[in-house]
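One structure is given below, encoded as structure tokens.
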Amino acid sequence: MKSIFDKTTRDELINRINLLNESSSAQWGKMNIYQMLKHCTLCEEMYLGKKKYKRTFLGYMFGRLGLKNLLKDEKPIQRNAPTSPAFKIIEVSGDVLAEKMKWISLMNEYEQFSNNNFEHWFFGKMTKEQVGYFVYKHTDHHLRQFNC
């Protein structure tokens, strides 16, 4: 399974991110290009330990099972998967290029990942290996959403 901690995989994702521009449009879902970029930068900040979010009640109930199901194979994340309100971006416009460059910069930080006590808002505690696989799947999901 592909992992964000593999340099070749990370470079592949960054190349795909570089294909995004202000006229990129979603193949599914409600987010526009700016909202997706902002959503992804918030997520990377969480994975990298720069921001923390409280675990949800539903996460305590179903999170471990959900993580196991997502990481059992290489199947992509399904379209229109739910997210926490904390990651739903309300503002409809912003600096697409700046957000894209921020995302790329955050992606490069996985080379020195040190957030070994990471706890996801839904899935709970995750190992470094699980983080690597999930970040790849999440990034791939949103790049496919915008046809990249």
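Residue 21 is where the sequence shown starts when you use my numbering, and the numbers rise one by one after that.
Glycine included, C-beta positions come from ideal geometry on N, C-alpha and C.
Values in this document were obtained by computation on a predicted structure and should not be read as measured data.
{"Item": "Out of F142, R84, N100, K120, which has the shortest C-alpha to C-alpha gap to W16?", "Value": "Residue coverage of the chain in this structure runs from 21 to 168, which leaves residue 16 outside it and unanswerable."}
{"Item": "Compare the beta carbon distance of K19 and I34 with 8 Å and say whether it is the shorter of the two.", "Value": "Beyond the ends of the chain as shown, which are 21 and 168, falls residue 19; an answer cannot be given."}
{"Item": "For A118, report the span of its alpha helix (DSSP H) as first-last.", "Value": "116-128"}
{"Item": "On the DSSP bridge list, what partners appear for G144?", "Value": "H140"}
{"Item": "Let me know the secondary structure DSSP gives A101 once reduced to three states.", "Value": "coil"}
{"Item": "Can you give the Cα-Cα distance for M81 and K92, rounded to whole angstroms?", "Value": "19 Å"}
{"Item": "What is the rounded straight-line gap between the Cα of D104 and the Cα of F142?", "Value": "In the sequence as presented, Asp is not what sits at residue 104; that position holds Ser. Cα to Cα, the separation comes out at about 8 Å."}
{"Item": "For L78 versus Q150, is the C-beta spacing smaller than 8 Å?", "Value": "no"}
{"Item": "Among Y67, T28, V116, whose alpha-carbon lies nearest the alpha-carbon of H158?", "Value": "Y67"}
{"Item": "For the candidate residues D31, E111, Y73, whose alpha-carbon lies nearest to that of H140?", "Value": "Y73"}
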